[in-house]
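Chains as they are written, first to last, in our numbering: chain A, 23 to 627; chain B, 9 to 586. Glycine included, every Cβ here is placed at the ideal spot set by N, Cα and C.
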């Protein structure tokens, strides 16, 4: 009883869900039509051209049939062939074919250019433009692959559908209607064979292929597992050797490949049997036409040419039916892709404040009663107050996850405070334009970020219109000049993901050079030299000290030696400033800082 | 190909059967127009309805035969394709897992992934069509041509003109399409790379106000990509309309030739002309299939070559582990090592002697060769010169497996596998009890993390430990290492992502737990090394100092330099003066 009730509820829920998806689909469809506005004119033109093409296609079998009949009449009944007339008809038929070919080439050419250039390409550029204005919060919380897949795969799927939309609507429907009318006017009984049998076979085929799609979807999942396992295995090669995991991995691999094998086999089979079944019905229709046509020809109700024409029309009938049914089946898929694209495009953008007050001063920074959390349920920073005078060096220390980087996120407004305010020289950072605010900062982060370009371009990134001399000077200051000069291509060496000729320490030096060149009034160093080897670090320290001397700076470091001389040390733990003061003060306090500081010397007691 | 053929062997009989069935299908499809021409020639002309019905029945029988054969080939084919691909994947996977590190590195991780997956999937897909084309096309072509010539040679001559023209078109298209595909792929990659970079570097980009610049860069790539895609699509999509046009025009030609020939050739019938037109259409389809198969050949060849390359690597055979309990003493005597193709030696003339039960450290900067020592100890590589002894026994006399049983390592780049925490930990010791797991985790300072999840040890870790921080990965890998029962424990830069507070707790408990076992700490941090029994200082592949912290502070300038840069001038407060 209870069970029945719950099923009922489920059913009600699923109808509700279905209704919702229907409404959503409709909305998306409307949106697609709206977005396709710029290419509407082209679509109309192409629709016209393809109508011509359809007309020619429909004319073909009719002409060919009559020609064939002339041949048959000559051969069977000895009716003489009027050669000049026959040749004229041949030329006419050739012309019809030629025109139809040219039209379909033209449609193809226009659609490719229009859809790819004016639709998919523009859509991708719009997504790229959108990324410019997305909140850091969204980017932090979304896997990169997801954004990229919307930009590439989903746009492709949508583009392909638009590409075939005319095949589907204009030529597909017109052809079907045209052929149906023509075959019924030639011979209604035989027409039934075409109009009933072929759609029947296609329905059957699409039913089967739907089931095969399910297996393929399963198989794709297994194949995804195979990729994951292989990637994991090969990148963990050393671990596998060290722990003798070969047998375990083999078992796992065998299991997944076996699973994929079973699913693929079923998918292949179901997808594969569509063809023999379709060809059976096609053959049956063909035979039916031959027999019926034969009988009708004997009784003189039809001529041989008409039978031949009929065979050709039957063949033409299958094409658009197939494309319409496959088009409809991909529609759901397309709508889902379009939904994902528009979802990204509709994401909230950063709001731009009005007016552009610029702080005047040397970089006096205050955090006043700042509250912040990434997720509302987990408050991270509560009532944070910091006062940093111009030119001071502030060190932030504390355990990982304690909120050190969060302070940087707030300072540069990658995230906005929930309550309280942050001011620079008395100006609330919220009132400033983000670009203006950020133009005051230089950052060197632990996760070095270099883009794929030359070393020179990467350093010059810090300053618009930097001269070559300035770039080289920055490299010299960052002590990366010697290394760069040893490279065969020097400053023109390309940096990319695979580049193994540059170590992570050298990458950090490049970002230091970039920050040096940028010459901003506030400096943020987040584990800036963590990967630099000790000897270079000693050399670079001088440059860093020089940079910090005249600037307000924030330094995050594991190595406590780099922060002992800071003007203020903020000890952050669990989102709170638990202690604040100079090194000596804090040690004297014998609190959390002292514990952290002493721990590095207490490693082996 | 030599390496891949054995994988097809189990399917030999089925492949032959498959071919035979394809043959039947093709012959039947050619006979259909032939029978139809009989209906026209005999049935309709003579008004012989029973004859038409007989021929119709015959055609129906042919269709039935085609259906049955079609279903059978589909069944066989789906078995072959999925089975062959799975077998090949397993073969390649196992081969890769048996490679030596040199062989492994000679191909590289990402290429190995492509070869063991994408390449095989391509092969599976294409080879399917290949068998089909191989059987169907010749039968269709020669059978169709024979039938066409048997009705009239002049009519059949159209084929002689048409076939090369179709092949020419396909050849011209596919010749130009390859580079376009390559280009399009290049720009797709570029676009994706830029977007990936933008998403990853959003803070830096925004701090330099470069979003517009980055957007323009991405947009340029997108436009280039569109241009190349359009060109290649236009070329590809030209094949069908063009061949259709050719076929149609040749039909017109055949009508004209038919009209002339009928008047001079008494043996030619109207039905023959109609049938020939249909043969030509069938052959045309076959030609298109063939051309596409040929067009894919270069791609297929590359896949086959790349797979075969992996399969032809020697690898090492797994040896069984001897039942020896190795001691914990480590000795390196005049050991040198040079990576293949490397100009400079990674290690030169290293001497080390770490007594059983000692806690030793190897300290040095990046590129000093300290991790290479760990790799040699696990026999990932064999030293180019010199001897390594473990527990007093020469490496040469032991199997790899025995050595690796005696040493447990937490690697510099900890590999976390998809699966639960427990599964990841039990890689160190499959027989470990839940209590043992908990104990190891407590020592590794990761137990709180385990408890913070409702599922506890059954908490699922994602691929490559994507749901863990660097420090959590390191601690899991440490717990895994200490679960393994060994004589020597190597920690290769395993504490680098931990803060000092956590490291100090962890090391204290580790020392208690591993008392009596040898520990080797490979590190960049002076603080991690300073309390060890013996410290080796490595610089550019050479040992430049060894001894205790106090000795090294006095005699080894490089050690002192490292210490001072990290911890400041020695003072009583930072443990410098002892």
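**Prompt:** Taking one C-beta from the segment 81-88 of chain A and one from the segment 332-341 of chain A each time, how about it: are there three or more such pairs within less than 8 Å?
**Reply:** yes
**Request:** Output, in chain order, the set of chain B residues within a Cβ distance shorter than 7 Å of residue 174/A.
**Result:** Reading the first chain from its first residue, position 152 is the one you call residue 174/A. The contacting residues are 196, 200.
**Request:** Would you kindly work out how many angstroms separate the C-alpha atoms of residue 406/B and residue 416/B, rounded to a whole number?
**Result:** Here residue 406/B corresponds to residue number 398 of the second chain, with the count starting at 1. Here residue 416/B corresponds to residue number 408 of the second chain, with the count starting at 1. When rounded, the distance between both Cα atoms is 16 Å.
**Item:** Which of helix, strand or coil DSSP assigns to residue 386/A
**Value:** The residue you call residue 386/A lines up with position 364 of the first chain. Correct three-state label for residue 386/A: coil.
**Prompt:** Mind pulling the chain A residues with CB within less than 8 Å of residue 565/B?
**Reply:** Here residue 565/B is taken as the residue at index 557 of the second chain, counted from 1. Near residue 565/B there are no residues of chain A at all, since even the closest Cβ is about 11 Å away, more than 8 Å.
**Prompt:** Start and end of the beta strand (DSSP E) containing residue 255/A?
**Reply:** The residue you call residue 255/A lines up with position 233 of the first chain. Counting along the chain, residue 255/A falls outside any beta strand (DSSP E), though it belongs to the alpha helix (DSSP H) covering 210-257.
**Continuous beta strand (DSSP E) stretch holding residue 527/B: start and end** = Counted from its first residue, the second chain places residue 527/B at position 519. Looking at the DSSP string, the run of the beta strand (DSSP E) that includes residue 527/B is 526-531.
**Item:** Three CB pairs or more closer than 8 Å across the segment 330-337 of chain B and the segment 484-497 of chain B
**Value:** yes
**Message:** Quick check: the Cα distance between residue 612/A and residue 432/B, rounded to an integer number of angstroms?
**Reply:** Mapped onto the first chain, residue 612/A falls at position 590. Mapped onto the second chain, residue 432/B falls at position 424. Each residue's alpha carbon lies about 40 Å from the other.
**Asked** Does the beta-carbon distance from residue 592/B to residue 435/B come in below 7 Å?
**Response** Nothing about residue 592/B can be read from this structure; chain B reaches only from 9 to 586.
**Asked** Going along chain A, which residues have a C-beta under 7 Å from residue 206/B?
**Response** To locate residue 206/B, count along the second chain from 1; it is residue 198. Correct list: 153.
**Asked** Between 424/B, 147/B, 520/B, which lies nearest to residue 37/B when the distance is taken from Cα to Cα?
**Response** Locating residue 37/B in the second chain gives position 29, counting from the first residue. Comparing Cα positions, the closest option is 147/B.
**Message:** With DSSP as the reference, identify every bridge partner of residue 550/B, one or two as the case may be.
**Reply:** The count along the second chain starts at 1 and reaches residue 550/B at position 542. According to DSSP, which records beta bridges pairwise, residue 550/B is partnered with 547/B.
**Prompt:** Just the Cα atoms here: how many angstroms apart are residue 214/A and residue 257/B?
**Reply:** Your numbering for residue 214/A matches position 192 in the first chain. Your numbering for residue 257/B matches position 249 in the second chain. For residue 214/A and residue 257/B, the distance between alpha carbons rounds to 30 Å.
**Message:** Just to check my reading of the structure: residue 125/B and residue 249/A have Cβ atoms closer than 8 Å, yes? What is that Cβ distance to the nearest angstrom?
**Reply:** To locate residue 125/B, count along the second chain from 1; it is residue 117. To locate residue 249/A, count along the first chain from 1; it is residue 227. Their Cβ separation, rounded to whole angstroms, is 6 Å, which keeps residue 125/B and residue 249/A in contact under 8 Å.
**Message:** Buried or exposed, going by whether 16 or more other CB atoms sit within 10 Å of the CB of residue 351/B?
**Reply:** What you label residue 351/B is simply residue 343 of the second chain in a count that begins at 1. It is exposed - the Cβ of residue 351/B has fewer than 16 other Cβ atoms within 10 Å.
**Prompt:** In chain order, what residues of the same chain lie with their CB nearer than 6 Å to the CB of residue 100/B, ignoring the 5 residues before and after it?
**Reply:** Numbered from its first residue, the second chain carries residue 100/B at position 92. Counting only Cβ-Cβ distances below 6 Å, and skipping sequence neighbours, we find 124, 318.
**Request:** Use the C-beta contact count for residue 75/B: other C-beta atoms within 10 angstroms, 16 or more gives buried, fewer gives exposed.
**Result:** By one-based count along the second chain, residue 75/B stands at place 67. By the neighbour-count rule (16 or more Cβ atoms within 10 Å), residue 75/B is buried.
**Request:** Kindly indicate which three-state DSSP category residue 349/B falls into: helix, strand or coil?
**Result:** Numbered from its first residue, the second chain carries residue 349/B at position 341. Three-state result, residue 349/B: coil.
**Item:** Buried versus exposed, by CB contacts within 10 Å (16 or more), residue 243/A
**Value:** Here residue 243/A corresponds to residue number 221 of the first chain, with the count starting at 1. So residue 243/A ends up on the exposed side.
**Request:** Per DSSP, which residues does residue 589/B bridge with? Please list them.
**Result:** Residue 589/B falls outside the range modelled here, since chain B spans only 9 to 586, and no answer is possible.
**Request:** Helix, strand or coil for residue 586/A, going by three-state DSSP, please let me know.
**Result:** Position 564 of the first chain, counted from the start, is the residue given in the question as residue 586/A. Residue 586/A: coil per DSSP, three-state reduction.
**Asked** Within 10 angstroms of its Cβ, does residue 584/B collect 16 or more other Cβ (buried), or is it exposed?
**Response** If you number the second chain from 1, residue 584/B lands on position 576. Because residue 584/B sits at a pLDDT of 47, beneath the cut-off of 50, its placement in the model cannot be relied upon, and the point is left open.
**Request:** Enumerate in chain order the residues of its own chain whose CB-to-CB distance from residue 356/B is below 7 Å, with the five nearest sequence positions on each side excluded.
**Result:** Residue numbering aside, residue 356/B sits at position 348 when the second chain is read from its first letter. Once the five neighbours on either side are set aside, the close Cβ partners of residue 356/B are 344, 549, 550.
**Asked** Of the residues 91/B, 211/B, 472/B, which one's Cα is nearest the Cα of residue 278/A?
**Response** For the purposes of this step, residue 278/A is taken as residue 256 along the first chain, with counting starting at 1. The candidate whose alpha carbon is nearest that of residue 278/A is 91/B.
**Contact the segment 605-621 of chain A vs the segment 444-457 of chain A: 3+ CB pairs below 8 Å** = no
**Request:** Starting from the beta carbon of residue 231/B, find every residue of chain A whose beta carbon is closer than 7 Å, and list them in chain order.
**Result:** To locate residue 231/B, count along the second chain from 1; it is residue 223. The answer, in chain order, is 143.
**Request:** Check the Cβ-Cβ distances between residue 614/A and every residue of chain B, and say whether any is below 7 Å.
**Result:** In the first chain, residue 614/A corresponds to position 592, counting from 1. With 7 Å as the cut-off, residue 614/A does not count as an interface residue toward chain B.
**Item:** Among 142/A, 514/A, 300/A, 460/A, nearest to residue 432/A - alpha-carbon criterion
**Value:** As a working note, residue 432/A is residue 410 in the first chain. Of the candidates 142/A, 514/A, 300/A, 460/A, the one whose C-alpha sits nearest the C-alpha of residue 432/A is 460/A.
**Prompt:** Which of helix, strand or coil does DSSP assign to residue 11/B?
**Reply:** For the purposes of this step, residue 11/B is taken as residue 3 along the second chain, with counting starting at 1. Coil at residue 11/B, not helix or strand.
**Prompt:** Which same chain residues, not among the five before or five after residue 403/B, have their C-beta less than 6 Å away from its C-beta?
**Reply:** In the second chain, residue 403/B corresponds to position 395, counting from 1. Once the five neighbours on either side are set aside, the close Cβ partners of residue 403/B are 396.
**Request:** Below 6 Å CB to CB, which residues in the same chain sit around residue 314/A once its five sequence neighbours on both sides are set aside?
**Result:** If you number the first chain from 1, residue 314/A lands on position 292. Excluding positions up to five away in sequence, the list reads 212.
**Message:** Please state whether the Cβ-Cβ distance between residue 217/A and residue 202/A is less than 7 Å.
**Reply:** Mapped onto the first chain, residue 217/A falls at position 195. Mapped onto the first chain, residue 202/A falls at position 180. It is a contact, given that the beta carbons lie within the stated cut-off.
**Message:** Quick check on residue 335/A - is its C-beta less than 7 Å from some C-beta in chain B?
**Reply:** For the purposes of this step, residue 335/A is identified with residue 313 of the first chain, where counting begins at 1. So no, residue 335/A is outside the interface.
**Asked** Nearest to residue 190/A by CA position, among 141/A, 129/A, 346/A, 306/A, is which residue?
**Response** Your numbering for residue 190/A matches position 168 in the first chain. Taking only the C-alpha atoms, the option nearest residue 190/A is 346/A.
**Request:** Would you give the residue range spanned by the alpha helix (DSSP H) that residue 252/B belongs to?
**Result:** Working through the second chain from its first residue, we reach residue 252/B at position 244. Element bounds for residue 252/B: 219-272.
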